[in-house]
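Novice: FYI, the numbering for the sequence shown is 1034 to 2169, going by our numbering. Got a structure here, written out as structure tokens. Questions coming.
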Amino acid sequence: MYTPKSATGSLSFSSASARAAAAKRRSGNIFTPGAKRSPFPQGRTTPLNRSFQGSQLIEGSGQYHMESYGSSLPALVMEVLAYADRNTEMSAQLDPSGWAWLVCGRRLLIWRYRPEGEKRLANTQFRELTLPPSDLAHRAQLVTVYASSENQEFHSTKVPSCIAVSPEGFVRYWPSIAHEGSYHEVSTELQGQECDSVLFLGCSLGCFLATTTSTTLLIQPGSSGLGGQQSVHVRLLKVPAGWLGGMSKRVSSLVFGSMPTQAPEARFVRAVGIPGAKSGEHWILVLSAHFLQKWHVEVGESDKLLYQCNVEKYIREGFVDHVWGRERATAPQLRVWLVDMQPTAISSVMILTAAVNPQVSQQLVYALVTLDTSTDAPPTGVSNFSVLKHSEYYQESAESVLLSQRFLLCKNTAYIYNKTTVLCVSANGEGDSGDRVEFSGAGDSIFGVGRSKGYPLFFSANNGIVSISPAHQLNQSSMMLNESIAEDQPSRISEALSMSIASVGQEQIGSSEDKVTRLQTAFLHYNRKNMTQAQSILDDLLDNTTLDRTVLQLSANLLDDTPANDPRWAENLQEAKVEATAPLLIANFLSDKTTAYQYYLKFLKETGLWPRLSLVTVGDSHATWTKALVLEHGEKLAMISALHTHHQEYRQLVDMAIRHSLADSGETPSGSLTHSDLFYRKVTNVEMIVWGLLKAQEDILSADVAPRDAPSSIYSVNALLLILLHAASEAKTHEAVGTSATDPPAEYVPWTASTGPRGLRTLIVEQHSTTVKVGVARAEDGSTRGKLYGQLVELSDIVLTGYQPHLQSLAVLDVDWHQKLLQDYERDRYNLIQPLVADGQYDQAVGLAEKYCDFRTLVEVCDKTDNQDRLNRYMNQFGSEGFPDFVFRWYLETGKRGKLLSHSGGRAGELARFLQDYTSLSWLHHLQQRDFTKAHGTLKQLAYEESNYLSRKKTLLSLSKLCGLASGAIGDELETEMSQEEDLILFQEQLPESVLSAHSLDADTMRVLTPTQLIHMYTGEENLYANEFDFKKALDLLAYVPSLEEAQQLKKDIWVRAVRRNSWSDLDVDNPIDAISDTLLFKTIELAFTQGSDIQELLLPVNEFLECDELSDLTDDSSFKFLVMAGYEKLQQYVG
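Pasting the structure below:
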């Protein structure tokens, strides 16, 4: 999924800054003056979380946990990490043997990070060497440290040898790292090629060296034979001419001749070594951009290239089969990268690969591919192809970022990493979504990796050496620790925060009734290792019903503590105590607050208070998790530290914002204190800076500035705002809160997603609107608009991300306002993304829409761009989340039914299911699928149900009959049923014009009438010229009246109306038969008889007829009775 880039480095796996092109790297001078980067609190000699190393859990990330590993770092290593020039590139390697080395400029620091058994590390097991001169930056991957004898056990007491290669190819060999000045050098004469990495093959074979363009050499230390002098031999692993199109290049030197003309380069990826059964034997697998080579090298034997295989073609086919499908992609249209390679435990290799299909989308898909390399024959295909759920939006400009990614394979887990993030995925599970571990703190970075006893190790700027393990099997090896823990840490905390027990009186504090003061005392005792006193205080607090409020309050006190040793604050507080050790600078004070907060978290967890925390109510708000609020304090510390870091860069803006914030809270500085002193002290109110920034922006925009200057001002505010919000986000812990069985359900609103007039969500949405309406609208060039669009994406991402924890907490509670919040989320989601769509920024819009499942935006963009391929991809990607139904419904609601039916191809089944509720369209889909039986049934049902238009009913019935004939589904019974419907239509079509006019009916648009209605129209007074044929039709319609009782009543009404159509008083009773032959009654009877109708069934019995209440005025007339009875007698003569 797409994750927008941030101004300070995104949290996403793909967002680490790309390493500069290798040929352009320059090693920095460690003595160059400049700003120092210190990932550790100033004034300390050890990283904070390396001081307590007893298998310390540093961070949890759901399925995986990061914990400290091995011994504390040597002092010189920590000094380099803390004070090296920020422009100097650093890298590290962690060898399985227990040795580690760090490269910083030309400095090579080597130390033992893991003792053997229970042995404690000796301080002498650290060495610093000087690397060869180089115009390019040295790298730890070009250094190897190894045992100097094949038979020597690589124990921590042994002094190893070292080989280091400069990027230009100068080899420096130390037989013993104990003697820095005793080394031997040789040049490989690579003539401009840059070295990539070395691979140790054993003492007898030496090292395998590869360049970035896939030239391969062997470096073998040994003796020259004259007096046992040490020397270094370099020889080329020769590739047969024409293979790999010049993948390897000959090396020229005084030993093995000149270098031929350079052939086209092949990017080197990775080399792995596999020891042979015999000593001095090795197989080497070399992966380039397209090919995999397998070499066999052995002491005393010629080098053998066993095979060279184009594995890229197998991987291309794998992506086609497993991702896009043969119907949507062919192998040549893909762009494929082989990113990294690792050996497996079963004589195979696993390759991290990536691919994009530009003709479908810019989605970059990752996969782990396994190749069988156990034999001397090249692999004929892949043995396993596992597509990762992790994907990214591909940009050609960021290709170097892609190629800089690497992975470690340990047991059944692949750890894919870049400078700031590790993605942990199953190495054999198809479609594993993985889990992330972030190294995203201020100044943090991954300098190097390695393995130790089956565990993956990472060397982090802030955390030192850590291991990452599945949560269910925390690393037991990391229980080893450095016993020399700094003794001055507890007193340092007390000093920094004005919390020294001695300053108040230990007995006085210990007996205090103030629960916060007592907890503070226990915290300080804990840091002084006075565990008995700390536990005694905690035993009283554990039964306290206000424990949650007490823990939260002390955390807030730590953040808002005043630097009492600062003379300016001492003067303000009317205190005289001043000590030189106090942090007089805001930066140091914030650093000490961060340190105290981290120790406080450790105290809560190791004393058992943390799992006892439950819910707390702050102010008038709802009860929420205490743990979450305590962890939020760490995020606020990160935000205020970032604000101070960038204060000088945005000085005018920040000063204005701070003044607005303090004025709103009614605070004014006194004495020597400044506005900044007041603001930076109260960390818990840091969110007020956002409101202050918007007020400062309002002041700037309302001033007399040119319209073209407004976008620049808004851009600056956005940039600073994003820096602060990303800093808070990056400090967010991966510890799950609210998911444990001990955590009660509760509503949780992150502080960065608060609502109300001053809530951060409200303010960010407001700033988004200002950026659209003022910034983008007034921007005069594409570059400025592009930058503002990027900021809109990031602001939207922050708002929508903030909704997630709140929604998840309410979903568990199942409360009424969950649906209201979900509606707010969907509204904001669409409104935040829509400006990007309106301005044609489709890629950025769909990036957000994909991430947050905004189906409406996705469909609208696909429709606007007429991109059916993208829409089909979304159908597959979000199929399980109801996207196809959403698309179909959107087409219906927008009146685009033609496009709806265009999905009858690959989505026929889904469309058919959807159209079950839309039968007026489903028959068209059935016809497209040539399913005439279903079309016949649907059309027949529609015809029977149609009541609005007779013409439509007739058409539907005709189409149904045609489909039935085409399918052969019409039997005799169905034929009769449909004929009856057709007869009813015909009866209605034959209504006289006078009747239609009387009832305001139009022959083309009239509604469908019931048989009862037709009978009344044929026989009613509106039918001015009704004759026997009209009345006979009315009698025929009786067969379609469903109720027998109603039919009997209608038949009676028909005959009564027939009688009423004539005057019976003037008829000649002397000639009755001639007289009645002209009446409508007997004309209708004669017509029915002539047409073969059952007269006795149609007629009423004469007695019942003469007794009708409707004819009461006629039945008293003897002439009428005589004529009727005469007619009945005559009729009986005919019918018998």
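We put the beta carbon where it would ideally sit given N, CA and C, even for glycine.
Hey, is K2154's beta-carbon within less than 8 Å of any beta-carbon in chain B?
Specialist: No chain B appears in the structure shown, which is made up of a single protein chain.
Novice: Where do the ends of the alpha helix (DSSP H) carrying P1744 lie?
Specialist: It spans 1743–1763 - the alpha helix (DSSP H) in which P1744 sits, taken as one unbroken run.
Novice: Alpha helix (DSSP H) containing H1315: first to last residue?
Specialist: Unbroken run through H1315 is the beta strand (DSSP E), 1314–1321; no alpha helix (DSSP H).
Novice: According to DSSP, is K2154 part of a helix, a strand, or is it coil?
Specialist: The answer is helix: DSSP assigns K2154 an H, G or I state.
Novice: Once you ignore the five residues that flank Y1448 on each side, which residues in its own chain have a CB closer than 7 Å to its CB?
Specialist: Only F1440, L1441, V1455, C1457, P1489, I1501 meet the Cβ criterion.
Novice: Using the rule of at least 16 other Cβ atoms within 10 Å of the residue's Cβ for burial, across every protein chain shown, is A1211 buried or exposed?
Specialist: Burial call: exposed.
Novice: If you measure between the beta carbons of G1476 and A1173, is that distance less than 8 Å?
Specialist: The answer is no: Cβ separation not under 8 Å.
Novice: Just mark S1394 as buried or exposed, buried being the case when its beta carbon has 16 or more other beta carbons within 10 Å.
Specialist: By the neighbour-count rule (16 or more Cβ atoms within 10 Å), S1394 is buried.
Novice: Verify whether the separation of the beta carbon atoms of L1571 and T1659 is less than 8 Å.
Specialist: Result no, Cβ atoms of L1571 and T1659 do not sit closer than 8 Å.
Novice: Could you check if W1207 is buried or exposed, using at least 16 other CB atoms within 10 Å of its CB as the buried criterion?
Specialist: Buried, by the Cβ-count rule.
Novice: Can the beta-carbon of S2030 be found less than 8 Å from the beta-carbon of N2056?
Specialist: Contact: no.
Novice: Within 10 Å of its beta-carbon, does H1315 have 16 or more other beta-carbons around it, so buried, or fewer, so exposed?
Specialist: Looking at its Cβ environment, which holds 16 or more other Cβ atoms inside 10 Å, H1315 is buried.
Novice: Under the rule that 16 or more other beta-carbon atoms within 10 Å means buried, what is K2188, buried or exposed?
Specialist: The structure shown does not extend to residue 2188, since the chain is modelled only from 1034 to 2169, so the question has no answer here.
Novice: I'd like to know whether the C-beta atoms of A2121 and L2077 end up nearer to each other than 8 Å.
Specialist: In this structure, L2077 does not lie closer than 8 Å to A2121 by Cβ.
Novice: Just the Cα atoms here: how many angstroms apart are G1704 and R1714?
Specialist: Distance between the alpha carbons of G1704 and R1714 is about 16 Å.
Novice: For V1192, which three-state DSSP category applies?
Specialist: In this structure, V1192 counts as coil in the three-state DSSP scheme.
Novice: With DSSP collapsed to three states, give me the class of H1329.
Specialist: Residue state, collapsed to three classes: strand.
Novice: By the 10 Å Cβ neighbour count, where 16 or more other Cβ atoms means buried, how is D1830 classified, buried or exposed?
Specialist: When all chains shown are included, D1830 counts as buried.
Novice: By Cβ distance, which residues of its chain are closer than 7 Å to A1535, with the 5 residues on each side in sequence left out?
Specialist: Since pLDDT at A1535 reaches only 38, below the 50 mark, its modelled position is unreliable, and the value read off the structure follows with that caveat. For A1535, where only same-chain residues beyond five positions count, there are no Cβ hits under 7 Å.
Novice: Out of curiosity, what's the CA-to-CA distance linking L1591 and F1622?
Specialist: Going by the C-alpha atoms only, they are around 11 Å apart.
Novice: Report the rounded CA-to-CA distance for H1329 versus V1389, giving the unit in angstroms.
Specialist: The alpha-carbon atoms of H1329 and V1389 are separated by roughly 35 Å.
Novice: Taking the C-alpha atoms as reference points, what is the distance between S1654 and T1403?
Specialist: In a straight line, the C-alpha of S1654 is about 54 Å away from that of T1403.
Novice: What's the gap between the Cα of L2100 and the Cα of L1995?
Specialist: Cα to Cα, the separation comes out at about 54 Å.
Novice: Return the bridge partner residues of A1304 from the DSSP annotation.
Specialist: Bridge partners of A1304: V1319.
Novice: Check whether the Cβ atoms of L1646 and D1573 sit closer than 8 Å, and answer yes or no.
Specialist: No, Cβ-Cβ distance for L1646 and D1573 is not below 8 Å.
Novice: Can the beta-carbon of Q1392 be found closer than 8 Å to that of Q1366?
Specialist: Contact flag set, yes.
Novice: According to DSSP, is W1132 part of a helix, a strand, or is it coil?
Specialist: W1132: strand per DSSP, three-state reduction.
Novice: E1425 to F1888, Cα distance in whole Å?
Specialist: One C-alpha to the other measures close to 19 Å.
Novice: Can you give the Cα-Cα distance for Y1450 and M1099, rounded to whole angstroms?
Specialist: Between Y1450 and M1099, the C-alpha separation is close to 14 Å.
Novice: Helix, strand or coil for R1439, going by three-state DSSP, please let me know.
Specialist: R1439: strand per DSSP, three-state reduction.
Novice: What number of angstroms, rounded off, separates the C-alpha of A2091 from the C-alpha of T2117?
Specialist: Cα to Cα, A2091 sits roughly 8 Å from T2117.
Novice: From what residue to what residue does the alpha helix (DSSP H) around D1732 run?
Specialist: Counting along the chain, the alpha helix (DSSP H) containing D1732 begins and ends at 1721–1735.
Novice: By the three-class DSSP mapping on this structure, what secondary structure does M1111 have?
Specialist: Looking at M1111 - three-state DSSP - the assignment turns out to be helix.
Novice: So which of A1117, Y1179, T1121 has the shortest CA-CA distance to I1143?
Specialist: That would be Y1179, whose Cα lies nearest to the Cα of I1143.
Novice: Taking Cβ to Cβ, would you say I2106 is nearer than 8 Å to A2159?
Specialist: Yes, Cβ-Cβ distance for I2106 and A2159 is below 8 Å.
Novice: Taking the beta strand (DSSP E) that F2084 falls in, what are its first and last residues?
Specialist: The sequence as given places Lys at residue 2084; Phe does not occur at that position. Taken as a continuous stretch (DSSP letters only), K2084 belongs to no beta strand (DSSP E), being part of the alpha helix (DSSP H) at 2077–2093.
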